[in-house]
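What follows is a short report on a single structure.
2 protein chains.
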Amino acid sequence: MAELGERKVIEIIFSILGESPNAFPGLGDDVAGWRLWDDLIAILKRDMLVASTDVPPGMTYYQAARKALVMNVSDLAAKGVRPLAALTSLGLPGDLGEGGLRELIRGLRDASREYGFSLIGGDTNECPDLVIACSLFGLSREGELVLRSGARPGDILATTGGFGLTYLGLKALLEGLELGGGVRKEALRAVLMPKARLEVGVALARSGVLTSSIDSSDGLAWSLHELSRASGVGFLVEDLPLAQGVLEEATRLGLDPFEVCFYGGEEYELVMTVEPARWEEAVEVAQEAGVELRKIGRAVEEPGVWFKGPDGHLRPVEARGWEHFRARGRHHGRSSLPP
Amino acid sequence: MAELGERKVIEIIFSILGESPNAFPGLGDDVAGWRLWDDLIAILKRDMLVASTDVPPGMTYYQAARKALVMNVSDLAAKGVRPLAALTSLGLPGDLGEGGLRELIRGLRDASREYGFSLIGGDTNECPDLVIACSLFGLSREGELVLRSGARPGDILATTGGFGLTYLGLKALLEGLELGGGVRKEALRAVLMPKARLEVGVALARSGVLTSSIDSSDGLAWSLHELSRASGVGFLVEDLPLAQGVLEEATRLGLDPFEVCFYGGEEYELVMTVEPARWEEAVEVAQEAGVELRKIGRAVEEPGVWFKGPDGHLRPVEARGWEHFRARGRHHGRSSLPP
Numbered sequence: 038m039a040e041l042g043e044r045k046v047i048e049i050i051f052s053i054l055g056e057s058p059n060a061f062p063g064l065g066d067d068v069a070g071w072r073l074w075d076d077l078i079a080i081l082k083r084d085m086l087v088a089s090t091d092v093p094p095g096m097t098y099y100q101a102a103r104k105a106l107v108m109n110v111s112d113l114a115a116k117g118v119r120p121l122a123a124l125t126s127l128g129l130p131g132d133l134g135e136g137g138l139r140e141l142i143r144g145l146r147d148a149s150r151e152y153g154f155s156l157i158g159g160d161t162n163e164c165p166d167l168v169i170a171c172s173l174f175g176l177s178r179e180g181e182l183v184l185r186s187g188a189r190p191g192d193i194l195a196t197t198g199g200f201g202l203t204y205l206g207l208k209a210l211l212e213g214l215e216l217g218g219g220v221r222k223e224a225l226r227a228v229l230m231p232k233a234r235l236e237v238g239v240a241l242a243r244s245g246v247l248t249s250s251i252d253s254s255d256g257l258a259w260s261l262h263e264l265s266r267a268s269g270v271g272f273l274v275e276d277l278p279l280a281q282g283v284l285e286e287a288t289r290l291g292l293d294p295f296e297v298c299f300y301g302g303e304e305y306e307l308v309m310t311v312e313p314a315r316w317e318e319a320v321e322v323a324q325e326a327g328v329e330l331r332k333i334g335r336a337v338e339e340p341g342v343w344f345k346g347p348d349g350h351l352r353p354v355e356a357r358g359w360e361h362f363r364a365r366g367r368h369h370g371r372s373s374l375p376p
Numbered sequence: 038m039a040e041l042g043e044r045k046v047i048e049i050i051f052s053i054l055g056e057s058p059n060a061f062p063g064l065g066d067d068v069a070g071w072r073l074w075d076d077l078i079a080i081l082k083r084d085m086l087v088a089s090t091d092v093p094p095g096m097t098y099y100q101a102a103r104k105a106l107v108m109n110v111s112d113l114a115a116k117g118v119r120p121l122a123a124l125t126s127l128g129l130p131g132d133l134g135e136g137g138l139r140e141l142i143r144g145l146r147d148a149s150r151e152y153g154f155s156l157i158g159g160d161t162n163e164c165p166d167l168v169i170a171c172s173l174f175g176l177s178r179e180g181e182l183v184l185r186s187g188a189r190p191g192d193i194l195a196t197t198g199g200f201g202l203t204y205l206g207l208k209a210l211l212e213g214l215e216l217g218g219g220v221r222k223e224a225l226r227a228v229l230m231p232k233a234r235l236e237v238g239v240a241l242a243r244s245g246v247l248t249s250s251i252d253s254s255d256g257l258a259w260s261l262h263e264l265s266r267a268s269g270v271g272f273l274v275e276d277l278p279l280a281q282g283v284l285e286e287a288t289r290l291g292l293d294p295f296e297v298c299f300y301g302g303e304e305y306e307l308v309m310t311v312e313p314a315r316w317e318e319a320v321e322v323a324q325e326a327g328v329e330l331r332k333i334g335r336a337v338e339e340p341g342v343w344f345k346g347p348d349g350h351l352r353p354v355e356a357r358g359w360e361h362f363r364a365r366g367r368h369h370g371r372s373s374l375p376p
């Protein structure tokens with residue numbers, strides 16, 4: 038398959054399957070949907086956590102199980118869809134033991150409570166690697182579902198928060214990077230106990246202010262390129278959206294803040310575009326949901342993604358994900374492909 | 038996990054999760070469901086085909102992909118639910134090649150057309166073993182959904198067809214058993230191109246004549262024990278429901294027809310109970326859907342499953358699945374467990 042290439046695999050699948058008239062959004066967005074009646078849409082999402090590529094050292098069974106659900110909830114959040122029910126398939130390693138199993142189930146339970154949905158079924162198997170595969174179900178309406186493809190030149194580019202904490206946290210867990218006390222706690226929390234931006238995603242979608250949206254689970258750079266490709270626009274990032282304390286820590290450690298910001302991953306902020314005329318409204322809606330929207334740039338006509346530094350110099354943002362997991366096969370083996 | 042035991046794993050999961058009031062049917066039936074509004078229920082099903090345990094030698098990529106969907110459709114058929122949409126996650130081995138990929142996608146497409154649903158999304162990954170994981174979505178109504186738990190003593194036990202062809206076919210493919218020309222073609226077709234009993238399952242559920250139902254994918258014996266356990270009844274099988282030609286072939290080969298009938302697997306007939314007063318109606322409804330219902334016995338008060346031979350002798354039917362795949366880890370590693 039490596040020989041065929043990812044693009045060719047997609048082409049083959051599309052060419053044979055075609056698109057169903059009932060499918061909405063079409064193949065290639067963050068979630069799949071099927072038109073029920075009137076403007077009602079059944080939303081389905083499935084993604085899988087595999088311990089060897091998605092669970093860094095230091096993450097507990099509780100945290101891994103929680104993360105398996107959070108990463109799926111985050112995709113629904115980006116579309117403005119509230120999850121209602123979930124199925125989970127568990128592949129359990131032989132050495133998990135009763136304590137590990139209990140921890141894991143508590144992680145699933147707590148994540149479902151945190152985001153207000155029900156665990157309604159699933160199955161368990163023995164498996165050499167811990168695998169937690171989730172299917173989420175929700176409902177949306179055609180006018181409310183936020184796609185990847187609606188950004189237009191001139192739209193304001195915004196995020197629900199800052200980036201870089203997971204870059205630092207993963208480097209600490211995987212490579213033993215020593216973080217300063219101030220950032221260390223936040224960086225580890227960002228990796229081990231990530232949060233999906235569900236409430237603000239749903240509120241913004243309902244208000245109709247968004248023209249496109251995606252989550253940043255594969256890194257900010259990757260998300261921007263996906264939005265760019267789906268919408269046929271480019272992005273000019275004018276403010277490096279680093280989380281608090283990250284710039285100082287990156288500088289102290291001799292890391293490039295640009296790299297830390299764009300090529301992180303396992304982050305679950307929303308990356309969105311907003312009609313300029315409705316920006317103030319978007320800020321208010323987000324504020325009511327407890328989130329400060331961050332304006333980081335704008336959509337432009339020319340496809341591609343650039344960062345414009347304080348000196349006015351344009352630096353291209355490459356379409357790549359976080360490097361450490363890449364070597365372990367995750368981010369470049371993974372793709373949202375049909376069918 | 039083997040140490041903990043399957044039963045203990047279930048207990049732990051149940052004790053931590055509890056049951057959601059919105060879940061219907063509850064944990065442990067063939068499909069999961071979530072109450073939407075009025076009596077409407079969103080039905081979700083997910084199951085996974087893994088080549089090393091579910092694909093016998095001689096099965097093509099086309100057939101494997103088709104089977105991955107058929108085995109999920111069969112569970113919906115047993116509940117009387119029509120699938121509307123599906124997601125498929127593909128784990129593709131490196132040596133699949135373009136020809137194999139095309140075959141596989143055509144198998145998915147043809148199965149979705151055969152059973153009238155849309156493939157609306159999914160993803161692909163590289164994987165050492167071919168894996169085809171499917172999620173199906175459908176809708177049902179509380180009064181129409183046929184559970185495992187509704188059988189009552191006195192109910193008529195019925196199936197949508199005869200058993201034993203897959204037992205012979207799998208023995209031919211896995212062990213090189215030489216089958217006679219008459220049965221050989223049918224036995225291989227039963228294994229390689231199985232059919233789900235969707236139309237008759239939906240028709241019978243709508244007519245309201247069924248008190249319980251399950252499919253026979255884990256073998257007739259296993260299905261009867263599951264219905265028995267869920268309904269709190271026993272079953273007396275009075276007619277060995279062998280498919281045409283199977284008795285003669287089993288006798289010729291020196292195989293025990295009882296074994297061939299009860300401990301097959303990878304069969305997708307429906308095993309159901311019918312109110313005696315509505316038996317004629319059930320037969321008619323099935324006939325209109327092109328299926329001859331087969332009365333094979335009845336539900337009794339005492340839990341357990343027995344076969345009553347022509348000589349009146351009672352032989353207990355053990356709760357076990359098909360032996361060949363069992364050794365390869367499938368049927369005893371697999372269970373419909375929460376969450």
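Chains as they are written, first to last, in the working numbering: chain S, 38 to 376; chain D, 38 to 376.
Note that the Cβ used here is the ideal one computed from N, Cα and C, for glycine as well.
Using DSSP with H/G/I as helix, E/B as strand and the rest coil, what is residue i?
i      : result
S/R178 : strand
S/V322 : helix
S/C164 : coil
S/K232 : coil
D/R150 : helix
S/M108 : helix
D/L257 : helix
S/L211 : helix
D/R143 : helix
S/L41  : coil
S/L279 : strand
S/G119 : Checking the displayed sequence, the identity of residue 119 of chain S turns out to be Arg instead of Gly. Coil, per DSSP.
S/R371 : Since pLDDT at S/R371 reaches only 33, below the 50 mark, its modelled position is unreliable, and the value read off the structure follows with that caveat. Three-state result, S/R371: coil.
S/A188 : coil
D/T203 : helix
Report the CB separation of residue i from residue j in whole angstroms; it is logged as a contact under 8 Å.
i      : j      : result
S/S254 : S/V342 : With 8 Å as the limit, S/S254 and S/V342 do not qualify as a contact, their Cβ atoms being about 17 Å apart.
D/G198 : D/V283 : The pair is not a contact, with the Cβ atoms about 11 Å apart (cut-off 8 Å).
S/C298 : S/L257 : 6 Å
D/R331 : D/T196 : 5 Å
D/D252 : D/A115 : 4 Å
D/R335 : D/D192 : 7 Å
D/L277 : D/F295 : 7 Å
What residues in its chain sit with their C-beta under 6 Å from that of residue i, if we drop five residues either side in the sequence?
i      : result
D/S177 : I78, I80, V118
D/V220 : G282, E286
Taking only the alpha-carbon atoms, compute the straight-line gap between residue i and residue j and give it to the nearest angstrom.
i      : j      : result
D/V311 : D/V87  : 35 Å
D/M309 : S/G358 : 52 Å
S/V107 : S/H262 : 23 Å
S/E339 : S/G218 : 42 Å
D/L184 : S/Y99  : 33 Å
S/G201 : S/S250 : 20 Å
D/R367 : D/L211 : With a pLDDT of only 38 at D/R367, under 50, the local geometry of the prediction cannot be trusted, and no value is derived from it.
D/K327 : D/V237 : Sequence inspection shows Gly at residue 327 of chain D; the Lys mentioned does not correspond to that position. Looking at the two C-alpha atoms, the distance is approximately 7 Å.
S/V110 : S/E275 : 29 Å
D/C171 : D/R83  : 6 Å
S/I53  : D/F344 : 48 Å
D/E325 : S/F174 : 34 Å
D/M96  : D/L229 : 6 Å
S/M85  : S/V168 : 7 Å
D/A69  : S/V354 : 44 Å
Since residue i sits in a beta bridge, which residues does DSSP pair it with?
i      : result
D/C171 : D/D84, D/T125
S/P58  : In the DSSP output, where bridge partners are listed per residue, S/P58 has none listed.
D/G158 : D/L124
D/I251 : D/V308
S/I78  : S/R72, S/S177
S/P353 : S/W343
D/V274 : D/G334, D/F344
Starting from the C-beta of residue i, find all residues in its chain whose C-beta is less than 8 Å away, skip the five residues before and the five after it, and write them out in chain order.
i     : result
D/G55 : none
Under 7 Å Cβ to Cβ from residue i, same chain only, skipping five residues before and after it: list those, please.
i      : result
S/E163 : L129, G131
S/V246 : V311, E312, R315, E318, A319, V322
D/R44  : none
Regarding residue i and the ligand MN, is the C-beta to nearest heavy atom distance less than 8 Å?
i     : result
S/P58 : The model on display carries no ligand, and the ligand MN is accordingly not part of it.
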